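What follows is one structure encoded as C-alpha cells, with my remarks underneath.
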Amino acid sequence: MLLDYQVLDATRTEDGELVAIKSFIKKDQEEQIALFFASIRDPRNHCIRIHQILPDPFEPRLGLMVMPYLRPCNNPEFLTVGDVVEFVDQTMEGLAFMHKLHIAHRDIAVSNIMMDAKALYPNGHHPIRLGYTPDVLYPVSALPRAGRNVQYYYIDFGLSTWFKPGSSPYVLGDVGRAEVPELSDTVPYDAFKVDIYALGYVYAKEFDNKYKNVDFLLPLIEKMKRQRPEERPTAEQIFQEWQQKRATLNDSLFRWRLVPKSEQTIERVVNDTVAVAWEGIYHLKKLVG
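Residue 46 in the working numbering sits at position 52 of the sequence shown, with consecutive numbering throughout.
Pasting the structure below:
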C-alpha cells in the first residue's frame, strides 16, 4: 500500500517485520548519508537506520531503501509536558550529533521526524489507517508515551549535504522549508543554521503555538528562530543550553497534562481537577510501594 507517492509499506518475509520502502534517485547523496547513519551504533544517533538498499527492477536510476516502519511523531498527539521534553531531548541531541559529523539535513520539519511507536501499540496498527487494528476491523488506541521509551528519528536525506571537514558550510538553493528566511538560489547561506531555524520552527508550531504550559521552551525557540543566521546558536550550543534548562525543571511538571491554548475555562477546570487526582494517585502508589 502507498504511504505517499514514493514510499510504500511491506512485510519482510524473513521475520514478518513491517517495513517501509522508499524509492529514491541514486545520484544524490541520500544513499551515502543513510548508509553512514545506519552503520553508527551510538545513542546520540537519532537518524533512521535503514535495513538495506535494493536496485529498482524497472528503473536503473532508482534505488529502493528498506527501512523500519515508523509513525508520524505527532500521531497520537503529545499528552504531557514530559512527552514534549523527551521529544526535545532526542531531536536536539540528534541534530547536534548530525552536525558534529558535518552533515546538514536541510529539510527538517515535523513530517521528517518520525517515531517508533511499537511500545504504544503492542498489538500493532494498520500502516495506512493508523487508528485501526492491522486487519482494519476495530479501532485501536495508543498507550501513553510516558515510561515507554519512544524513540524519534530524523528521516529523508534527499536534500541533505555532507561537508568535508573544514569546508565552507555555505550552499545555494531555494529548497527545503519555505519558513526559513534566508533560502536563496543566488545568495549563499549556512546550511547548518538553516537546520537550527527549522527545528526551532517545529518546536514553535507543535508546542508553543498550541499549549500554555511549555513556556520554558520559548527562550530557546527565540534564539533558534533569529532572522539573522549568524546570531543563531550552533546545534551543540543550543543542546547544552537545553540540558541546563531541563535540569531546572521539576519532575512533577513532566507528568502534568499539556494545556491547549484553545481550551475554555470550564473545560480547563475539569481537566485540571482530573490531572490533580491522577497526581495524587501517583504519589499514593509511591508511598504504598
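For glycine and all other residues, C-beta sits at the position ideal for the given N, C-alpha and C.
The model shown is predicted, which means the values in this text are computed figures rather than measured ones.
**Study point:** Limits of the unbroken beta strand (DSSP E) element including K16
**Key:** Where K16 is concerned, the enclosing beta strand (DSSP E) stretches over L12 to I19.
Exercise for review: For the segment 127 to 142 and the segment 88 to 107, state whether three or more C-beta atom pairs, one from each stretch, are separated by less than 8 angstroms.
Suggested key: Short answer: they don't touch.
Review point. Considering only residues of the same chain and omitting the five flanking positions on each side of R220, which have a CB-CB separation below 6 angstroms?
Key: Once the five neighbours on either side are set aside, the close Cβ partners of R220 are R226.
Review point. How many Å lie between I44 and E24 at the Cα?
Key: When rounded, the separation of the alpha-carbon atoms in I44 and E24 is 12 angstroms.
Exercise for review: Report the option in Y115, I232, K206 and N207 whose CA atom is closest to the CA atom of G187.
Suggested key: The amino acid occupying residue 187 in the given sequence is Lys; Gly does not appear at that position. Closest option to K187, Cα to Cα, is I232.
Check your understanding: Considering I47, what are the terminal residues of the alpha helix (DSSP H) in which it resides?
Key -> Membership of I47 in any alpha helix (DSSP H) is not indicated; the residue belongs instead to the beta strand (DSSP E) covering Q46 to P49.
Check your understanding: What residue does the beta strand (DSSP E) around S178 start on, and which one ends it?
Key -> Its beta strand (DSSP E) spans residues S178 to D184.
**Study point:** Of the residues N207, W236, K16 and D129, the one placed nearest S246, counting alpha carbons only
**Key:** For the options N207, W236, K16 and D129, the alpha carbon positioned closest to that of S246 is the one of N207.
Practice item. Jot down the residue ranges of each uninterrupted beta strand (DSSP E) in the segment 149 to 179, minimum 3 residues, whole runs only, in chain order. Key: Correct list: 164 to 167.
Exercise for review: Taking D110 as part of the beta strand (DSSP E), name the residues at either end of that continuous run.
Suggested key: In the DSSP assignment, D110 falls within the beta strand (DSSP E) that extends over I107 to D110.
Exercise for review: Could you check what DSSP says for V130 in three-state terms: helix, strand or coil?
Suggested key: Here V130 sits in coil by DSSP.
Practice item. Give the straight-line distance between the Cα atoms of A28 and P213, rounded to the nearest whole angstrom. Key: Approximately 33 angstroms between the Cα atoms of the pair.
Review point. How long is the line joining the alpha carbons of I149 and F210, rounded to whole angstroms?
Key: It is roughly 27 angstroms from the alpha-carbon of I149 to the alpha-carbon of F210.
Check your understanding: Run through DSSP, which three-state label would G118 get?
Key -> G118: coil per DSSP, three-state reduction.
Check your understanding: Any idea what DSSP makes of Y205, helix, strand or coil?
Key -> Reduced to three states, the DSSP call for Y205 is strand.
Check your understanding: Hey, P121 and L252 are a contact pair by Cβ (cut 8 angstroms); roughly how many whole angstroms apart?
Key -> Between P121 and L252 the beta-carbon gap is near 27 angstroms, outside 8 angstroms, which marks them as no contact.
Check your understanding: What number of angstroms, rounded off, separates the C-alpha of V78 from the C-alpha of R38?
Key -> The alpha-carbon of V78 is positioned some 18 angstroms away from that of R38.
Check your understanding: What's the call for W272, buried or exposed, on a 16-neighbour Cβ count within 10 Å?
Key -> The predicted position of W272 is uncertain, since its pLDDT is 42 and thus under 50; a value taken from the coordinates is nonetheless stated next. Classification for W272: exposed.
Review point. When burial is assigned at 16 or more other CB atoms within 10 Å of the CB, is R35 buried or exposed?
Key: Result: exposed.
Review point. Under the rule that 16 or more other beta-carbon atoms within 10 Å means buried, what is N106, buried or exposed?
Key: Buried.
Review point. Alpha helix (DSSP H) containing G76: first to last residue?
Key: Looking at the DSSP string, the run of the alpha helix (DSSP H) that includes G76 is V75 to K94.
Exercise for review: Measure the alpha-carbon distance for L64 versus V144 and round it to whole angstroms.
Suggested key: Between L64 and V144, the C-alpha separation is close to 11 angstroms.
Practice item. Would you please state the rounded distance, in angstroms, between the beta carbons of C41 and Y146? I believe it to be under 8 angstroms. Key: Contact between C41 and Y146 does not hold, since their C-beta atoms are separated by about 10 angstroms, which reaches or exceeds 8 angstroms.
**Study point:** N- and C-terminal bounds of the beta strand (DSSP E) containing D245
**Key:** Where D245 is concerned, there is no enclosing beta strand (DSSP E), although the alpha helix (DSSP H) it sits in stretches over D245 to F248.
Exercise for review: Sort P51, K217 and D202 by Cα distance to S256 and report the nearest one.
Suggested key: Taking only the C-alpha atoms, the option nearest S256 is D202.
Exercise for review: Could you tell me the boundaries of the alpha helix (DSSP H) in which A241 lies?
Suggested key: A241 -> alpha helix (DSSP H) spans A229 to A241.
Check your understanding: If we ignore side chains and look at the alpha-carbon of each, how far apart do T5 and L56 end up?
Key -> Roughly 21 angstroms separates the two Cα atoms.
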